[in-house]
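First the structure, in the form of structure tokens, and then the observations on it.
Right, here's the structure in full:
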């Protein structure tokens with residue numbers, strides 16, 4: 009089985025940041041799940 013590369017880009021907007029000015033963990037988790045779904049769907 010050969011590894012595949014998937015590149016996903018997301019624009020980080022002000023609504024994606026928490027009160028510290030860093031990326032909100034919930035948004036990060038959502039993007040991580042999205043990437044996992046795309047990888048699993050391409051098997």
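In our numbering, the protein residues as written are 9 to 51. Beta carbons are placed, not taken as given, at the ideal position from N, Cα and C, and that holds for glycine. None of the values given here were measured: they were computed from a predicted structure.
Measure the alpha-carbon distance for residue i versus residue j and round it to whole angstroms.
{"i": "residue 33", "j": "residue 51", "result": "28 angstroms"}
{"i": "residue 14", "j": "residue 42", "result": "11 angstroms"}
{"i": "residue 45", "j": "residue 12", "result": "14 angstroms"}
{"i": "residue 48", "j": "residue 27", "result": "34 angstroms"}
Round the Cβ separation of residue i and residue j to the nearest angstrom and send it over; I've been treating them as touching at under 8 angstroms.
{"i": "residue 23", "j": "residue 31", "result": "The pair is not a contact, with the Cβ atoms about 11 angstroms apart (cut-off 8 angstroms)."}
Compare the C-alpha of residue i against each of the options and name the closest.
{"i": "residue 36", "options": "48, 17 and 49", "result": "17"}
In the DSSP output, which residue or residues are listed as bridge partners for residue i?
{"i": "residue 31", "result": "25"}
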